[in-house]
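*Asks:* So that we are looking at the same thing, I have put the structure below in structure tokens.
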Amino acid sequence: AHTIRPGVHRAPVHGVDRPIAQATRVGTVPGTAFALSLPNRGILLGLLTVEQILAAAVAAEASNQFAAVGIGDNLLEKPRVEAIALLGALAARTSRVRLHLGCLSTLIIRDPILFAIQWASLDVISGGRMELAVCIGGGDDREMRPYGMSRRERVPRLLETLEVVRRLWREDHVAFEGRFHRFEDVSAQPKPVQSPPPVYLANAPDPDGPPERIDRMLLRALRHSDGWHPTGLTPAQFGRLRVRLEELARAERRDLSTFSISCGSLVNIQPDPQQARHEAEEYVRRYWPHAYEAASFDRLISGPPDLVAEGILKYWDAGCRRIAVRIGALHYEAQVPLLIDEVMPRVWDGVAARTRQSPRSAPG
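Number 89 in my numbering belongs to position 86 of the sequence shown; there are no gaps in the numbering.
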């Protein structure tokens with residue numbers, strides 16, 4: 004049996020055990036940070052327990068190689084242990100890592116006053132460590148049908164709800180008259196520790212899709228959020244969209260030094276690359292059953308630790324400096340120590356080597 008334990012691990016490197024210098028990673032390369040994505044849907048699928056997901060977060064924090072841990076969101080379409088509740092448990096079990104929700108696909112069906120209070124409360128409980136990524140949600144209509152909402156309303160509902168939540172975080176005695184929300188003299192307490200907590204937009208336009216749709220989605224992130232958090236992209240696709248985002252930012256006069264750009268990777272760590280890929284594909288089939296037939300596995304990073312590390316570094320080479328790493332495995336607990344002990348030290352070494360060779364090779 005594998006047990007996830009915080010503390011100093013030892014990793015075999017070229018057949019020789021060596022201690023990992025875990026206190027020298029986070030913050031050593033300015034602008035570069037990694038997050039561990041935790042599969043809260045996997046709890047309902049029997050892939051891991053609540054205690055194992057909390058232990059993975061504690062181990063990630065103790066390793067000092069991850070600046071954040073994160074979870075996902077859905078209520079009805081892809082059921083999982085509810086995100087706000089689980090983030091409260093993560094806040095109580097950790098003390099340094101930032102806590103990321105990416106993406107909150109159900110924001111448009113949540114009451115904005117209640118959500119503003121819940122998120123501010125999490126920020127208080129965590130000591131100001133919360134990060135929120137929101138999206139309009141995808142897939143079928145199961146998430147919205149019980150609330151009488153139309154898919155065509157998703158974008159305006161999202162933007163209006165964000166406006167309400169941000170005002171409630173900043174102000175007291177808020178009155179709001181919008182298309183979807185109306186109220187008078189509402190003061191939401193507590194206020195968040197951060198002034199305000201960052202809100203990112205999670206979307207991933209098809210790089211080969213209509214240019215006007217790509218621009219519309221990227222501009223939405225630039226105009227209405229503190230950062231862009233795409234998922235499901237290969238490094239090459241991310242790089243193409245990042246270049247276009249920078250072009251649009253210049254036209255919008257949007258300062259990207261105050262705008263966070265991140266990306267996500269999916270990994271499976273095993274000596275046999277074929278077995279690793281097979282298991283990751285089975286994981287995707289279970290985790291995202293409605294998207295399985297259309298799923299592209301081009302972004303899957305699978306194989307032994309050195310190959311997985313190089314795959315993650317391809318996102319860094321494409322200009323991504325905030326990289327979320329998700330383990331796509333049926334035996335999740337066994338792979339967390341492999342990621343911490345054998346993959347991430349190689350990733351950090353690769354980042355350090357690239358930075359020494361070309362300090363200005365790509366944006367932060």
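Note that beta-carbon positions come from the ideal geometry of N, C-alpha and C, so glycine has one too. Since this is a predicted model, take the numbers as computed values, not measurements.
1. Would you call the CB atoms of Leu102 and Arg83 closer than 8 Å?
2. With distances taken from CA atoms, which of Val168, Leu162, Glu134, Phe186 is nearest Tyr203?
3. List the endpoints of the continuous beta strand (DSSP E) containing Glu134.
4. Determine contact between the stretch 279-295 and the stretch 71-79, defined as no fewer than three beta-carbon pairs at a distance below 8 Å.
5. Nearest CA to the CA of Arg99: which residue from Asp114, Glu64, Leu78?
6. Consult DSSP for Phe183 and reduce its assignment to one of helix, strand or coil.
7. Tell me, which residues are paired with His103 by DSSP?
8. If we require 3 or more residues per run, which beta strand (DSSP E) segments fall completely within the stretch 191-217?
9. Where does Phe28 fall in DSSP's three states?
10. Just checking, does the stretch 108-119 make contact with the stretch 329-340 on the three C-beta pairs under 8 Å criterion?
11. Which residues mark the beginning and the end of the alpha helix (DSSP H) in which Asn43 is found?
12. What residues in its chain sit with their C-beta under 6 Å from that of Gly314, if we drop five residues either side in the sequence?
13. Counting only the same chain and skipping the five closest in sequence on each side, list residues whose C-beta sits under 6 Å from that of Leu248.
14. Report yes if the CB atom of Leu41 is closer than 8 Å to the CB atom of Tyr290, and no otherwise.
15. Give the single residue among Ala252, Ser263, Glu166 whose Cα lies nearest to the Cα of Cys323.
16. Pairs of beta-carbons, one from the stretch 234-251 and one from the stretch 199-214, closer than 8 Å: are there three or more?
17. Does DSSP put Ala327 in a helix, in a strand, or in coil?
*Replies:* Let's see:
1. By 1-based counting over the sequence shown, the position of residue 102 is 99. By 1-based counting over the sequence shown, the position of residue 83 is 80. Going by C-beta atoms, Leu102 is not nearer than 8 Å to Arg83.
2. Indexing the sequence shown from 1 puts residue 203 at position 200. With distances taken between Cα atoms, Tyr203 lies closest to Glu134.
3. The residue you call residue 134 lines up with position 131 of the sequence shown. That run of the beta strand (DSSP E) goes 133-137.
4. no
5. Counted from its first residue, the sequence shown places residue 99 at position 96. Checking every option, the nearest Cα to that of Arg99 belongs to Glu64.
6. Working through the sequence shown from its first residue, we reach residue 183 at position 180. Three-state result, Phe183: coil.
7. Here residue 103 refers to the residue found at position 100 when the sequence shown is read from its first residue. In the DSSP output, where bridge partners are listed per residue, His103 has Gly73, Glu134.
8. 202-204
9. Within the sequence shown, residue 28 is the residue found at index 25, counting from 1. In the sequence under discussion, the amino acid at residue 28 is Arg, which differs from the Phe named in the question. Correct three-state label for Arg28: coil.
10. no
11. Counting from one through the sequence shown, the residue named residue 43 turns up at place 40. Counting along the chain, the alpha helix (DSSP H) containing Asn43 begins and ends at 43-47.
12. Within the sequence shown, the letter at position 311 stands for residue 314. Once the five neighbours on either side are set aside, the close Cβ partners of Gly314 are Ile304.
13. Taking the sequence shown and counting its residues from 1, one reaches residue 248 at position 245. Counting only Cβ-Cβ distances below 6 Å, and skipping sequence neighbours, we find Leu221.
14. As a working mapping, residue 41 is identified with position 38 in the sequence shown. As a working mapping, residue 290 is identified with position 287 in the sequence shown. Result no, Cβ atoms of Leu41 and Tyr290 do not sit closer than 8 Å.
15. Here residue 323 is taken as the residue at index 320 of the sequence shown, counted from 1. Comparing Cα-Cα distances from Cys323 to each of Ala252, Ser263, Glu166, the minimum goes to Ser263.
16. yes
17. Translated into the one-based positions of the sequence shown, residue 327 becomes position 324. If DSSP states are grouped into helix, strand and coil, Ala327 belongs with the strands.
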